[in-house]
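Position 106, counted from 1, in the sequence shown is what full-length UniProt numbering calls 106; the numbers after and before it change by one each time, with no gaps.
Cβ coordinates follow ideal geometry from the N, Cα and C atoms, glycine included.
Structure first, commentary second.
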Amino acid sequence: MRLIVTGATGFVGTEVIRLALRNKAITSVIALARKPVEVPANAGPDADTSKLKSVILEDWTKPYPESVKEQLKDADGCIWTLAVTPFKSKDMDFAAVTKICFDYTVHGLESLAAIAESPFRFVYTSGVTIERDQTKTLTFLADYRLMRGRVENAILEFAEKHSPAIQVTVAKPGGIEGPGHPKSDAATSIFAQFGPTPWVHVSELAAAMIQQCLDGITKEPLWGKDLQEIGSKALRQEDYVPLTG
Ligand SMILES: NC(=O)c1ccc[n+]([C@@H]2O[C@H](COP(=O)([O-])OP(=O)(O)OC[C@H]3O[C@@H](n4cnc5c(N)ncnc54)[C@H](OP(=O)(O)O)[C@@H]3O)[C@@H](O)[C@H]2O)c1
1 MRLIVTGATG
11 FVGTEVIRLA
21 LRNKAITSVI
31 ALARKPVEVP
41 ANAGPDADTS
51 KLKSVILEDW
61 TKPYPESVKE
71 QLKDADGCIW
81 TLAVTPFKSK
91 DMDFAAVTKI
101 CFDYTVHGLE
111 SLAAIAESPF
121 RFVYTSGVTI
131 ERDQTKTLTF
141 LADYRLMRGR
151 VENAILEFAE
161 KHSPAIQVTV
171 AKPGGIEGPG
181 HPKSDAATSI
191 FAQFGPTPWV
201 HVSELAAAMI
211 QQCLDGITKE
221 PLWGKDLQEI
231 GSKALRQEDY
241 VPLTG
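Shown next, in the form of structure tokens:
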């Protein structure tokens, strides 16, 4: 399969790239980013680094240039981790955050769907706190959580209109632990407000999203416990990235 990954320089995207390079069922890993994407430093000897292709996109809201489309065409799946996280959004203008989170993603799905293989599976990384119901009054980060909820609604609506060629699922983890991202009590208590929400190991999250692209979407949304279950089944012990060291 040919897999496109966005957000490939970030915490989650780097792990998706690392695991995809180790996965023999994936023949090509196309990192779509605004700057060059390198093989992760921790790729290890099992990685087929020749599979990684870094494709630069400068303007994410205009029609994708032909030279970019040529490199993205005929993909079977995409894992979209590009976003501004709530923490980083605090220092940014909300219109800019909306453009990156909403416009880039919705335009991205539409652009990729037009040149992809059928079926094309699109796995979107969101979070447990993100709210789809636009009538709800939220007590914290209301604008951000509703805006990201509109992204989920828009891509699911697109998939419904273009079913079965286009298939979408949304990963909604709570805390994600990984190298340099330890569990925190403060985050645990926030996520607990949304029901039982386990911390998900970043390798399990990445493996679960890859598995949904490869073998077919089995559930929407994918909550933390789903991601843990699917990801842990897909991973061998040696595939987990160490949390420390
Ligand atoms: N981290 C967590 O604990 C956590 C928990 C729950 C859900 N999530 C969700 O998981 C997803 C990934 O999070 P993360 O922690 O991996 O985020 P991250 O480390 O901040 O990575 C964000 C990625 O988005 C890209 N990006 C941001 N602004 C961009 C722009 N203007 N143009 C092009 N690319 C841009 C970044 O690229 P550059 O390097 O070019 O900036 C980077 O690759 C997000 O949707 C987040 O809300 C994260």
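A direct Cα-Cα distance of roughly 7 Å separates P119 from D76. E220 and C213 have their alpha carbons spaced roughly 13 Å apart. The C-beta of F191 has 16 or more other C-beta atoms within 10 Å across all chains shown, which makes the residue buried.
Per DSSP, the continuous alpha helix (DSSP H) segment holding K161 begins and ends at A142 to K161. Counting of Cβ neighbours within 10 angstroms places R121 among the buried residues, the total reaching 16 or more.
When rounded, the separation of the alpha-carbon atoms in F140 and V202 is 25 Å.
L227: not part of any beta strand (DSSP E); member of the alpha helix (DSSP H) spanning G224 to A234, first to last residue.
Within the model, the alpha-carbon separation for V55 versus K24 is close to 21 Å.
Ligand 1 approaches G7 closely enough that one of its heavy atoms is under 7 Å from the residue's Cβ. When K51, D103, N42 and F11 are compared, the shortest CA-CA separation from T61 is found for D103. Taken in chain order, the whole alpha helix (DSSP H) runs of length 4 or more contained in the region 8-57 are 11-22. The closest CA to that of T27, considering only L3, G7 and A8, is found on L3. E70 carries a helical assignment under DSSP once its states are collapsed to helix, strand and coil.
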